[in-house]
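J.: Numbering (our numbering), first residue to last: 142 to 580. Here a beta-carbon is modelled for each residue, glycine too, at the ideal position from N, C-alpha and C. Dropping the structure in here first, questions after.
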Amino acid sequence: MTTKDSLIQKLQDKTAEIAILGLGYVGLPLAVVFGEAGFKVTGIDPDTRKVDLLNKGESYIPDVKTETVAALVKSGHLKATSDFSVLKDMDAVSICVPTPLRKTGDPDLSFIVSATEGLAPYAHPGMVVVLESSTYPGTTREMVLPRLEGNGLKVGENLFIAFSPERVDPGREDWTTKNTPKVVGGITEDCSDVATAWYEQALDTVIRVSTSEAAEMAKLLENTFRMINIGLVNELAIMCERLGVDVWEVIDAAASKPFGFMKFTPGPGLGGHCIPIDPLYLSWKMKAFNYNARFIELASEINTNMPRYVVHRMLEAMNDRGILLKGSKVLVLGAAYKPDIDDVRESPALDVIGLLRKKGAQVEYHDPYIPHIHHEYDGWKMDSVKDMLQSVREADAVIIVTNHKDYDYAAVVRDAKFVFDTRNATGKFAKGNEKVVRL
Ligand code: SAJ
Numbered sequence: 142m143t144t145k146d147s148l149i150q151k152l153q154d155k156t157a158e159i160a161i162l163g164l165g166y167v168g169l170p171l172a173v174v175f176g177e178a179g180f181k182v183t184g185i186d187p188d189t190r191k192v193d194l195l196n197k198g199e200s201y202i203p204d205v206k207t208e209t210v211a212a213l214v215k216s217g218h219l220k221a222t223s224d225f226s227v228l229k230d231m232d233a234v235s236i237c238v239p240t241p242l243r244k245t246g247d248p249d250l251s252f253i254v255s256a257t258e259g260l261a262p263y264a265h266p267g268m269v270v271v272l273e274s275s276t277y278p279g280t281t282r283e284m285v286l287p288r289l290e291g292n293g294l295k296v297g298e299n300l301f302i303a304f305s306p307e308r309v310d311p312g313r314e315d316w317t318t319k320n321t322p323k324v325v326g327g328i329t330e331d332c333s334d335v336a337t338a339w340y341e342q343a344l345d346t347v348i349r350v351s352t353s354e355a356a357e358m359a360k361l362l363e364n365t366f367r368m369i370n371i372g373l374v375n376e377l378a379i380m381c382e383r384l385g386v387d388v389w390e391v392i393d394a395a396a397s398k399p400f401g402f403m404k405f406t407p408g409p410g411l412g413g414h415c416i417p418i419d420p421l422y423l424s425w426k427m428k429a430f431n432y433n434a435r436f437i438e439l440a441s442e443i444n445t446n447m448p449r450y451v452v453h454r455m456l457e458a459m460n461d462r463g464i465l466l467k468g469s470k471v472l473v474l475g476a477a478y479k480p481d482i483d484d485v486r487e488s489p490a491l492d493v494i495g496l497l498r499k500k501g502a503q504v505e506y507h508d509p510y511i512p513h514i515h516h517e518y519d520g521w522k523m524d525s526v527k528d529m530l531q532s533v534r535e536a537d538a539v540i541i542v543t544n545h546k547d548y549d550y551a552a553v554v555r556d557a558k559f560v561f562d563t564r565n566a567t568g569k570f571a572k573g574n575e576k577v578v579r580l
């Protein structure tokens with residue numbers, strides 16, 4: 142029996158030992174899915190706080206219930222450690238580490254490199270390694286493979302390497318790690334065979350592609366598609382304002398088309414750790430091929446400018462009402478990067494608050510999910526106000542930046558002196574209401 146066949150056999154009878162490198166919002170749900178499928182899973186993370194919580198049977202990820210973790214720890218299907226040497230006993234390793242941007246706007250692969258270099262000393266014949274972190278096409282072949290191959294390890298023969306993009310949408314309950322179709326592409330056909338055989342043991346649907354580059358590019362297409370279409374509707378909002386047309390009415394009307402259209406809505410900018418970032422990994426890579434990814438650059442420019450645009454619109458609307466922004470009390474409603482989650486990464490609210498502060502407004506914010514924020518570049522820190530409606534009443538102006546569903550928008554409109562609504566959250570309360578201006 143070849144090394145490949147015996148590894149596939151161990152994966153199919155679930156005697157293969159699984160390691161998940163990186164226990165964040167991607168890695169922990171994946172560890173749970175493999176554990177619940179019957180594998181013994183070892184989570185590895187340098188953050189000992191996460192390790193200790195997991196070994197006590199506690200979850201720190203909202204999408205993963207503590208009772209789920211507790212049951213898996215109790216049954217011996219899940220444990221955690223910060224000690225990479227356990228990898229010498231592992232047969233299958235999934236790398237789920239962040240791929241942010243550097244301050245220069247270039248891809249930051251340092252987490253992938255350090256995870257791979259942490260794994261390398263323990264890589265052994267009969268191991269499969271899958272990278273899940275969103276990254277540019279070629280990363281698995283150029284950055285992971287060279288660090289693992291050698292010392293008797295030959296990819297496709299006794300070492301199997303693939304890429305499988307994470308598709309975790311924090312806070313979503315209908316599509317989960319287990320039931321969301323999963324793309325898998327290997328460095329070689331044999332690598333694809335092994336990685337697919339592994340993932341098919343725990344995930345409902347595995348979509349096999351021919352190479353790791355195809356899998357890397359599929360992910361970037363998914364998120365570039367979103368970023369560009371959000372940029373399109375943001376520019377549509379700018380055009381509609383010039384035309385005196387209600388962009389929200391226009392989008393709702395277009396969305397009545399049952400085919401050939403997909404609804405996106407304008408807003409104060411593009412937040413999160415996926416959509417604003419993943420496409421820039423692609424445009425950065427294309428520069429090495431002397432190709433300028435113009436759609437991505439333009440959409441990124443439009444989206445990046447939206448915080449400045451909405452503050453300008455608000456300033457104009459306040460001026461029309463004789464309210465001077467400088468020195469006025471402004472309440473920002475919603476700081477998370479999208480509704481009903483507790484994540485503030487890259488949130489446009491941070492930019493809006495920074496711009497309002499620079500224009501001399503006395504800014505407060507409220508967000509039920511974000512008790513405090515700290516702007517790492519500008520250095521300012523703020524705590525969410527406690528009584529949202531009380532702060533609405535005390536403010537000279539309110540700007541709705543993130544439209545959490547729990548907000549009572551009727552009460553906000555009732556009690557506010559002026560509302561600038563960047564999300565059409567006040568929709569039906571805004572019609573003909575002088576106090577409300579929408580993007
Ligand atoms: N946004 C708009 N208008 C829209 C949609 C989004 O302004 O029409 C803004 C949001 O407010 C947010 C940013 O864009 O600031 C990103 O929003 P998102 O809905 O794309 O949410 P994310 O960043 O959590 O994206 C994730 C992605 N999932 C993965 O990468 C695995 C994305 O592929 C999903 O499609 C998305 O969740 C989702 O559908 O919720």
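Tell me the residue span of the alpha helix (DSSP H) that contains Thr-144.
T.: Here residue 144 refers to the residue found at position 3 when the sequence shown is read from its first residue. Segment 144-153, the alpha helix (DSSP H) holding Thr-144.
J.: To the nearest whole angstrom, what separates the beta carbons of Pro-480 and Lys-576, a pair I think is in contact under 8 Å?
T.: On the sequence shown, residue 480 is found 339 positions in, with the first residue counted as 1. On the sequence shown, residue 576 is found 435 positions in, with the first residue counted as 1. Contact flag wrong, Cβ pair sits at about 22 Å.
J.: If we call anything under 7 Å between Cβ atoms a contact, is Val-533 one with Ala-557?
T.: As a working mapping, residue 533 is identified with position 392 in the sequence shown. As a working mapping, residue 557 is identified with position 416 in the sequence shown. Yes, Cβ-Cβ distance for Val-533 and Ala-557 is below 7 Å.
J.: What is the DSSP secondary structure of Gln-342, counted as helix, strand or coil?
T.: Position 201 of the sequence shown, counting from 1, holds the residue named residue 342. Looking at Gln-342 - three-state DSSP - the assignment turns out to be coil, as it is neither helix nor strand.
J.: Put Ala-552 into one of helix, strand or coil per three-state DSSP.
T.: By 1-based counting over the sequence shown, the position of residue 552 is 411. If DSSP states are grouped into helix, strand and coil, Ala-552 belongs with the helices.
J.: Regarding Val-309 and the ligand SAJ, is the C-beta to nearest heavy atom distance less than 6 Å?
T.: Position 168 of the sequence shown holds residue 309. Within the cutoff, so yes.
J.: So Leu-228 packs on Tyr-263, CB below 8 Å; how close in whole Å?
T.: Residue mapping note: residue 228 aligns to position 87 of the sequence shown, counting from 1. Residue mapping note: residue 263 aligns to position 122 of the sequence shown, counting from 1. At roughly 4 Å, the Cβ-Cβ gap stays under 8 Å, so Leu-228 and Tyr-263 are in contact.
J.: Whole angstroms is fine: what's the gap from Lys-215's alpha carbon to Ala-157's?
T.: Stepping through the sequence shown from its first residue, residue 215 is reached at position 74. Stepping through the sequence shown from its first residue, residue 157 is reached at position 16. Going by the C-alpha atoms only, they are around 19 Å apart.
J.: Return yes when the C-beta of Ile-369 is under 6 Å from any heavy atom of the ligand SAJ, and no when it is not.
T.: One-based indexing of the sequence shown puts residue 369 at position 228. Because no heavy atom of the ligand SAJ lies under 6 Å away, the Cβ of Ile-369 does not count as near it: no.
J.: Relative to the C-alpha of Asp-232, which candidate in Asn-196, Asp-146, Pro-311 has its C-alpha closest?
T.: Locating residue 232 in the sequence shown gives position 91, counting from the first residue. It is Asp-146 whose Cα lies nearest to the Cα of Asp-232.
J.: Ignore the nearest five residues each way along the sequence and tell me which others in Ala-338's own chain have a CB closer than 8 Å to its CB.
T.: Taking the first residue of the sequence shown as 1, we reach residue 338 at position 197. If we look at Ala-338 and ignore the five residues flanking it on each side, its Cβ neighbours are Ile-149, Leu-152, Gln-153.
J.: Can you give me the start and stop residues for the beta strand (DSSP E) that Gly-568 sits inside?
T.: As a working note, residue 568 is residue 427 in the sequence shown. Run containing Gly-568: none in the beta strand (DSSP E); it sits in the alpha helix (DSSP H), 568-571.
J.: Where do the ends of the alpha helix (DSSP H) carrying Ser-255 lie?
T.: Counting from one through the sequence shown, the residue named residue 255 turns up at place 114. Element bounds for Ser-255: 251-260.
J.: List the residues that DSSP assigns as beta-bridge partners of Ala-183.
T.: Locating residue 183 in the sequence shown gives position 42, where the first residue counts as 1. Residue identity differs from the one stated: residue 183 is Thr in this sequence, not Ala. Per DSSP, Ala-160, Lys-220.
J.: Residue ranges of each alpha helix (DSSP H) run of no fewer than 4 residues wholly in the stretch 384-427, ordered along the chain?
T.: Runs found: 388-395.
J.: Find the nearest neighbour of Val-452 within the set Arg-435, Val-471, Ala-434, judged by alpha-carbon distance.
T.: As a first step, residue 452 must be located in the sequence shown, where it is residue number 311. Per the Cα distances, Val-471.
J.: Go ahead and label Asp-562 buried or exposed: buried means 16 or more other beta carbons lie within 10 angstroms of its beta carbon, across all protein chains shown.
T.: Residue mapping note: residue 562 aligns to position 421 of the sequence shown, counting from 1. Buried, because 16 or more other Cβ atoms sit within 10 Å of the Cβ of Asp-562.
J.: If you drop the 5 nearest sequence neighbours on each side, which residues of the same chain put their C-beta closer than 8 Å to that of Val-205?
T.: For the purposes of this step, residue 205 is identified with residue 64 of the sequence shown, where counting begins at 1. Excluding residues within five positions, the ones whose Cβ falls inside 8 Å are Leu-169, Pro-170, Val-173.
J.: Have a look at Ala-458, Arg-486, Gly-413 and flag the residue whose alpha-carbon is nearest the alpha-carbon of Phe-559.
T.: Here residue 559 refers to the residue found at position 418 when the sequence shown is read from its first residue. The shortest Cα separation from Phe-559 among Ala-458, Arg-486, Gly-413 belongs to Ala-458.
J.: Can you tell me whether Gly-217 is buried or exposed? The criterion is at least 16 other CB atoms within 10 Å of its CB, across all chains shown.
T.: Locating residue 217 in the sequence shown gives position 76, where the first residue counts as 1. Exposed, because fewer than 16 other Cβ atoms sit within 10 Å of the Cβ of Gly-217.
J.: For the 8 Å Cβ check, are there 3 or more pairs between the stretch 380-398 and the stretch 331-347?
T.: No, the stretch 380-398 does not touch the stretch 331-347.
J.: If I measure Cβ to Cβ from Gly-475 and keep anything under 6 Å in the same chain, skipping five residues before and after, which residues do I get?
T.: Here residue 475 corresponds to residue number 334 of the sequence shown, with the count starting at 1. Closer than 6 Å at the Cβ level, and outside the excluded window around Gly-475, lie Asp-508, Val-542, Thr-543, His-545.
J.: Going by the DSSP bridge assignment, what does Ile-541 pair with across the sheet?
T.: Stepping through the sequence shown from its first residue, residue 541 is reached at position 400. DSSP lists Leu-474, Asp-562 as partners of Ile-541.
J.: Using only CA atoms, which one of Leu-260, Ser-305, Val-210, Gln-503 lies nearest to Pro-287?
T.: Here residue 287 refers to the residue found at position 146 when the sequence shown is read from its first residue. Residue Leu-260 is the option with its Cα nearest to Pro-287.
J.: I'd like the list of long-range same chain contacts for Leu-530, defined as Cβ closer than 8 Å, with 5 residues on each side in sequence excluded.
T.: Numbered from its first residue, the sequence shown carries residue 530 at position 389. So the list reads Asp-549, Ala-552, Val-553, Asp-556, once near-sequence residues are dropped.
J.: Look at the alpha carbon of Asp-249 and the alpha carbon of Ile-464, and state the distance between them as a whole number of angstroms.
T.: To locate residue 249, count along the sequence shown from 1; it is residue 108. To locate residue 464, count along the sequence shown from 1; it is residue 323. Cα to Cα, the separation comes out at about 44 Å.
J.: According to DSSP, is His-453 part of a helix, a strand, or is it coil?
T.: As a first step, residue 453 is located in the sequence shown; it is residue number 312 there, counting from the start. In this structure, His-453 counts as helix in the three-state DSSP scheme.
J.: Hey, could you find the ends of the beta strand (DSSP E) Asp-524 is sitting in?
T.: In the sequence shown, the residue the question calls residue 524 occupies position 383. 522-524 is the extent of the beta strand (DSSP E) around Asp-524.
J.: Taking all protein chains shown into account, do 16 or more other C-beta atoms lie within 10 angstroms of the C-beta of Thr-240, making it buried, or fewer, making it exposed?
T.: Counting from one through the sequence shown, the residue named residue 240 turns up at place 99. By the neighbour-count rule (16 or more Cβ atoms within 10 Å), Thr-240 is buried.
J.: CB of Asn-565 to nearest heavy atom of the ligand SAJ: below 6 Å?
T.: Counting from 1 along the sequence shown, the entry for residue 565 is found at position 424. For the ligand SAJ, not one heavy atom lies less than 6 Å from the Cβ of Asn-565.
J.: What separation, rounded to the nearest whole angstrom, lies between the Cα atoms of Thr-222 and Ser-424?
T.: Sequence index remark: in the sequence shown, residue 222 carries index 81 (1-based). Sequence index remark: in the sequence shown, residue 424 carries index 283 (1-based). If you take the alpha carbons of Thr-222 and Ser-424, they lie about 37 Å apart.
J.: What distance in whole Å lies between the Cβ atoms of Leu-421 and Leu-242, which are believed to be in contact at a cut-off of 8 Å?
T.: Residue numbering aside, residue 242 sits at position 101 when the sequence shown is read from its first letter. Residue numbering aside, residue 421 sits at position 280 when the sequence shown is read from its first letter. Yes, Leu-242 and Leu-421 are in contact; Cβ-Cβ is about 6 Å, under 8 Å.
J.: Going by CA-CA distance only, name the one from Asp-186, Ile-253, Asp-524, Leu-497 that's closest to Tyr-510.
T.: In the sequence shown, the residue the question calls residue 510 occupies position 369. The option with the nearest alpha carbon to Tyr-510 is Asp-524.
J.: Is any beta-carbon of chain D found at less than 7 Å from that of Pro-420?
T.: The question asks about chain D, but that chain is absent: this structure has only one protein chain.
J.: Where does Pro-480 sit, in a helix, a strand or coil, going by DSSP?
T.: Position 339 of the sequence shown, counted from the first residue, corresponds to residue 480. Three-state result, Pro-480: coil.
J.: Just to confirm the assignment, what range does the alpha helix (DSSP H) spanning Val-309 have?
T.: Here residue 309 is taken as the residue at index 168 of the sequence shown, counted from 1. Premise fails: Val-309 is in no alpha helix (DSSP H) and is neither H nor E.
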